[in-house]
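In the numbering used here, the protein residues as written are 2 to 134. Every residue gets a Cβ at the ideal spot worked out from N, C-alpha and C, and that includes glycine. First comes the structure, then the notes that go with it.
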Amino acid sequence: MVHLRGDGARDRNRRSELVRAAGSVHAGLGEWLVQRATSVYLAGFLVYLVFRFAFDPLADHAAWRAWFAQGPVRITWGLFFLSLLAHAWVGMRSVYMDYLHSAGVRVAATFLTAFGLLALALWAANILLNTAS
2 MVHLRGDGAR DRNRRSELVR AAGSVHAGLG EWLVQRATSV YLAGFLVYLV FRFAFDPLAD
62 HAAWRAWFAQ GPVRITWGLF FLSLLAHAWV GMRSVYMDYL HSAGVRVAAT FLTAFGLLAL
122 ALWAANILLN TAS
């Protein structure tokens, strides 16, 4: 059977061009991957913490500070905070894009979220770098 290019193929190509012009071809793949990668790290780290403290709890504040002062511990916590912030940003942005139909409200919500996450990032960096007095 021979298929000739007819109006149906032209319509499909026209729709594909419109989709590409709108920027929606593969636009969500990166966000999807970030959500999945960060959720895997967050879940794995939380499982580690549960087992760590269930089998070897820290007795006092000095033990907590000694544990937290270790380089690998700070790195894993830093990755935890970065993953949490990235996960929150991508998730909230996706919710805003889907459910906030007014452009002004969407921009305001996005700005407030970005400001809040930036404040949390600075706070986490302050904790991790031990610059608090």
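Residue i (DSSP reduced to helix, strand or coil)
i, result
"residue 70", "coil"
"residue 99", "helix"
"residue 60", "coil"
Which listed residue (the options) has its alpha carbon closest to that of residue i
i, options, result
"residue 84", "30, 127, 35", "35"
"residue 131", "66, 61, 111, 112", "66"
"residue 123", "71, 46, 102, 86", "86"
Rounded C-alpha distance that separates residue i from residue j
i, j, result
"residue 126", "residue 79", "8 angstroms"
"residue 120", "residue 44", "23 angstroms"
"residue 92", "residue 59", "34 angstroms"
"residue 53", "residue 116", "33 angstroms"
"residue 134", "residue 128", "Low confidence applies here, because residue 134 scores a pLDDT of 42, under 50, leaving its location unreliable and the question unanswered by this model."
"residue 107", "residue 69", "39 angstroms"
"residue 81", "residue 30", "22 angstroms"
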